[in-house]
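Visitor: Here this note's numbering is used: position 63 in the sequence shown is 514, and no number is missing along the way.
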Amino acid sequence: MYIDREAKEKAKHIFLKYGLSMSGAINLFLQKVASSGKIPFPLKVPNAVTERVMEDIEMDKNVEDTSLEEMIVEAEAQKT
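This is how it looks when you write it as structure tokens:
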């Protein structure tokens, strides 16, 4: 199982504030999922188009450098 090292360290410090070990916090999460039958926070599953766009971004495909000003001009042009 891969766990992002930076996220793990940040979470570890937060868990310690609550008196929890990493293992204890993970067990709480798993027990909540098991008892409720769902993820205990809002989670959206991306559709096929969103997944394809996310893959493209990760591979630096079909990505343009656009300034905020350019986006505003384009949005204004589409209104007319």
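For every residue, glycine included, the Cβ atom is placed at its ideal position computed from N, Cα and C.
In this text, all values refer to a predicted model and were calculated from it rather than measured experimentally.
Would you list, in sequence order, the uninterrupted alpha helix (DSSP H) runs of no fewer than 4 residues that lie entirely inside the stretch 475–515?
Guide: 499–509
Visitor: Tell me the residue span of the alpha helix (DSSP H) that contains Met522.
Guide: Leu519 to Lys530
Visitor: Determine the direct distance from the alpha carbon of Lys468 to that of Ala458, and round the result to whole angstroms.
Guide: 16 Å
Visitor: Look up Met452 in the DSSP assignment and say whether it is helix, strand or coil.
Guide: coil
Visitor: Might you give, ordered along the chain, the residues of its own chain that have their beta carbon closer than 8 Å to the beta carbon of Lys530, omitting 5 neighbours on each side?
Guide: none
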